[in-house]
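In my numbering, the protein residues as written are 29 to 411.
Have a look at the structure below before the remarks.
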């Protein structure tokens, strides 16, 4: 994207008066404040560093916010997926249906259990797992399906639950990118048998590193806590019932999470406005954007066929705007090669997908200006 200079050499596009973009606009940035600091100070003053009362408070508050019975906090989103699969009884020889386009942790967690992730193409509209392709890949070994709300885009959970029930499959939602989104009046992640979340630094709610599994099933919650804490019996210290894992969240992480919960609705509203601004300015460009009601994690769009996504990223970066490419399909990873290579929708979104800056401190004017840069870049590429 060429700069437009005046006689003094000043770029009129990226340095004009009133232009809100900083010299560097990150694709994401955590929104932290005094509440998180206060809870951290409380932990330090009370010598609460590891898993303890602050984590218990965070679990209860998070569960109450989502309207579920149980929230089991853990060390990260990958651990959350692993715990959910373990609690569902997934093990050696089992097959789990996983979308081909997702962060690699979705499939890796299946591998941790000794099970086999069966890669499935994505739906062209929702970018979630394609039930049509999933139907073709069912076998007598299929035990579970993991719908991923990719970039916050809701999977059609009504159809997916019907599919899971018809084939007697465990439904474990991967809502790492879906916190704040909903389907038919229910929070994403609370609709399946279990739902998992990530609280990584770029997520809608962050603890730096961290994750959670939510469920309304008392038995599953008990198993989740058992596996999270090295398999130790809850009332018999140092007696370990199963091979468990050290997946506990620390109270320091939970302290940040509690502070984040108090500003969650405000931050969500700011992200919604940014996402709506992008949608209004970019959805008519001939590509495809996430749905306006998607969880406002990172606004992501598929550029038109004529566009060069990598060139667009370079051009935006030249104006100080950081972006992210879409994930690489799992079937192109060395450890998942050899499965059916016919994933046209996964490849389409991966090749042309781009995520734009989305975080509470980004202003609406900045979102408009980034949109203008994208539009100008597409005009130039089409010439």
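Every residue gets a Cβ at the ideal spot worked out from N, C-alpha and C, and that includes glycine.
Quiz item: Should residue 158 go down as buried or exposed, given a rule of 16 or more other Cβ atoms within 10 Å for buried?
Solution: One-based indexing of the chain shown puts residue 158 at position 130. Buried is the call here.
Practice problem: Return the CA-CA distance between residue 124 and residue 410, expressed in angstroms with no decimal places. | Solution: The residue given as residue 124 occupies position 96 in the chain shown. The residue given as residue 410 occupies position 382 in the chain shown. C-alpha of residue 124 to C-alpha of residue 410: approximately 42 Å in a straight line.
Quiz item: Three-state secondary structure (DSSP) at residue 299?
Solution: The residue given as residue 299 occupies position 271 in the chain shown. The answer is helix: DSSP assigns residue 299 an H, G or I state.
Quiz item: Does the beta-carbon of residue 121 have 16 or more other beta-carbons within 10 angstroms, so that it is buried, or is it exposed?
Solution: Here residue 121 refers to the residue found at position 93 of the chain shown. Here residue 121 is exposed: its Cβ has fewer than 16 other Cβ atoms, across all protein chains shown, within 10 Å.
Quiz item: Which residues mark the beginning and the end of the alpha helix (DSSP H) in which residue 246 is found?
Solution: Taking the chain shown and counting its residues from 1, the one referred to as residue 246 is at position 218. Looking at the DSSP string, the run of the alpha helix (DSSP H) that includes residue 246 is 246-256.
Quiz prompt | Whether residue 152 touches residue 311 by CB criterion (8 Å) | solution = Within the chain shown, residue 152 is the residue found at index 124, counting from 1. Within the chain shown, residue 311 is the residue found at index 283, counting from 1. Taking 8 Å as the Cβ cut-off, residue 152 and residue 311 do not qualify as a contacting pair.
Practice problem: Would you identify the three-state DSSP class for residue 327, choosing helix, strand or coil? | Solution: In the chain shown, residue 327 corresponds to position 299, counting from 1. Three-state DSSP puts residue 327 in a strand.
Quiz prompt | Whole-angstrom distance between residue 385 and residue 349, CA atom to CA atom | solution = Against the chain shown, residue 349 aligns to sequence position 321. Against the chain shown, residue 385 aligns to sequence position 357. Each residue's alpha carbon lies about 8 Å from the other.
Quiz item: Is the beta carbon of residue 96 sitting closer than 8 Å to the one on residue 242?
Solution: Residue 96 sits at position 68 when you count from the first residue of the chain shown. Residue 242 sits at position 214 when you count from the first residue of the chain shown. Against a cut-off of 8 Å, the Cβ pair of residue 242 and residue 96 comes out as a contact.
Quiz item: From 220, 215, 71 and 70, pick the residue whose C-alpha is nearest to that of residue 245; which is it?
Solution: Against the chain shown, residue 245 aligns to sequence position 217. Selected option, being the one with the closest Cα: 220.
Quiz item: At which residues does the beta strand (DSSP E) containing residue 173 begin and terminate?
Solution: Walking along the chain shown from the start, residue 173 turns up at place 145. First-last of the beta strand (DSSP E) with residue 173: 170-173.
Quiz item: What three-state label does DSSP hand residue 274 in the structure shown?
Solution: As a first step, residue 274 is located in the chain shown; it is residue number 246 there, counting from the start. Three-state DSSP puts residue 274 in a strand.
Quiz item: Do residue 229 and residue 205 have their CB atoms nearer than 8 Å?
Solution: Residue mapping note: residue 229 aligns to position 201 of the chain shown, counting from 1. Residue mapping note: residue 205 aligns to position 177 of the chain shown, counting from 1. No. Outside cutoff.
Quiz item: Does residue 201 have its Cβ less than 8 Å from a Cβ in chain B?
Solution: Looking at the structure shown, chain B is missing, and only one protein chain is on hand.
Quiz item: Looking at C-beta atoms only, is the number of pairs between the region 131-145 and the region 233-242 that lie closer than 8 Å three or more?
Solution: no
Self-check item: CA-to-CA distance, residue 82 to residue 227, given in whole angstroms
Solution: Reading the chain shown from its first residue, position 199 is the one you call residue 227. Reading the chain shown from its first residue, position 54 is the one you call residue 82. Computed Cα separation, rounded: 16 Å.
Practice problem: Whole angstroms is fine: what's the gap from residue 111's alpha carbon to residue 400's? | Solution: What you label residue 111 is simply residue 83 of the chain shown in a count that begins at 1. What you label residue 400 is simply residue 372 of the chain shown in a count that begins at 1. The alpha-carbon atoms of residue 111 and residue 400 are separated by roughly 44 Å.
Quiz item: Is it buried or exposed for residue 298, if we count other Cβ within 10 angstroms and need 16 for buried?
Solution: Taking the chain shown and counting its residues from 1, one reaches residue 298 at position 270. Its Cβ being crowded by 16 or more others within 10 Å, residue 298 is buried.
Exercise. List the residues that DSSP assigns as beta-bridge partners of residue 140.
Key: The sequence position of residue 140 within the chain shown is 112, counting from 1. Answer is none; residue 140 lacks a bridge partner.
Quiz item: Of the residues 54, 51, 52 and 87, which one's Cα is nearest the Cα of residue 281?
Solution: Looking up residue 281 in the chain shown gives position 253. Restricting attention to 54, 51, 52 and 87, the CA atom closest to the CA of residue 281 is found in 87.
Quiz item: When you compare each of 342, 114, 304 and 160 to residue 319 by their alpha carbons, which one comes out closest?
Solution: Walking along the chain shown from the start, residue 319 turns up at place 291. Across the set 342, 114, 304 and 160, the C-alpha of 304 shows the shortest separation from the C-alpha of residue 319.
Quiz item: Quick one: what's got a C-beta closer than 6 Å to residue 42's C-beta in the same chain, skipping five residues either side?
Solution: Taking the chain shown and counting its residues from 1, one reaches residue 42 at position 14. Annotation note: pLDDT 46 at residue 42 (below 50); position unreliable, no value reported.
Practice problem: In the DSSP assignment, find the beta strand (DSSP E) that holds residue 383 and state where it starts and stops. | Solution: Here residue 383 corresponds to residue number 355 of the chain shown, with the count starting at 1. Counting along the chain, the beta strand (DSSP E) containing residue 383 begins and ends at 381-384.
Practice problem: Name the residue from 396, 389 and 408 whose alpha carbon lies nearest to the alpha carbon of residue 57. | Solution: Translated into positions along the chain shown, residue 57 becomes position 29. Here the closest residue by C-alpha is 389.
Quiz item: What residues in its chain sit with their C-beta under 7 Å from that of residue 198, if we drop five residues either side in the sequence?
Solution: By one-based count along the chain shown, residue 198 stands at place 170. Hits under 7 Å: 116, 171, 172 and 221.
Quiz item: Considering only the beta carbon of each residue, do residue 148 and residue 133 sit closer than 8 Å?
Solution: Here the question's residue 148 lines up with position 120 in the chain shown. Here the question's residue 133 lines up with position 105 in the chain shown. Cβ atoms of residue 148 and residue 133: not closer than 8 Å.
Quiz item: According to the neighbour-count rule (16 or more other Cβ atoms, all chains shown, within 10 Å of its Cβ), is residue 150 buried or exposed?
Solution: In the chain shown, counting from the first residue as 1, residue 150 sits at position 122. It counts as buried.
Self-check item: the region 58-72 contacting the region 273-291, beta-carbon criterion three pairs below 8 Å
Solution: yes
Quiz prompt | Own chain partners of residue 268 with C-beta closer than 8 Å, once the 5 adjacent residues on each side are dropped | solution = The residue you call residue 268 lines up with position 240 of the chain shown. Excluding residues within five positions, the ones whose Cβ falls inside 8 Å are 258, 259, 260 and 261.
Exercise. Assuming residue 232 and residue 324 form a contact by the criterion Cβ under 8 Å, report the distance between their Cβ atoms to the nearest whole angstrom.
Key: As a working mapping, residue 232 is identified with position 204 in the chain shown. As a working mapping, residue 324 is identified with position 296 in the chain shown. That belief holds up - the Cβ atoms of residue 232 and residue 324 are roughly 7 Å apart, short of 8 Å.
Quiz item: Hey, quick one: how far does the beta strand (DSSP E) through residue 242 stretch, first residue to last?
Solution: Against the chain shown, residue 242 aligns to sequence position 214. That run of the beta strand (DSSP E) goes 239-243.
Quiz item: Can you name the residues that DSSP bridges to residue 55?
Solution: The count along the chain shown starts at 1 and reaches residue 55 at position 27. Partner(s): none; residue 55 has no beta bridge.
Quiz item: Where does residue 223 fall in DSSP's three states?
Solution: Mapped onto the chain shown, residue 223 falls at position 195. In this structure, residue 223 counts as strand in the three-state DSSP scheme.
Quiz item: In three-state DSSP terms, what is residue 369?
Solution: One-based indexing of the chain shown puts residue 369 at position 341. Three-state result, residue 369: coil.
Exercise. Can you tell me which of 109, 395 and 405 puts its alpha carbon nearest to the alpha carbon of residue 200?
Key: Taking the chain shown and counting its residues from 1, the one referred to as residue 200 is at position 172. Closest by alpha carbon: 109.
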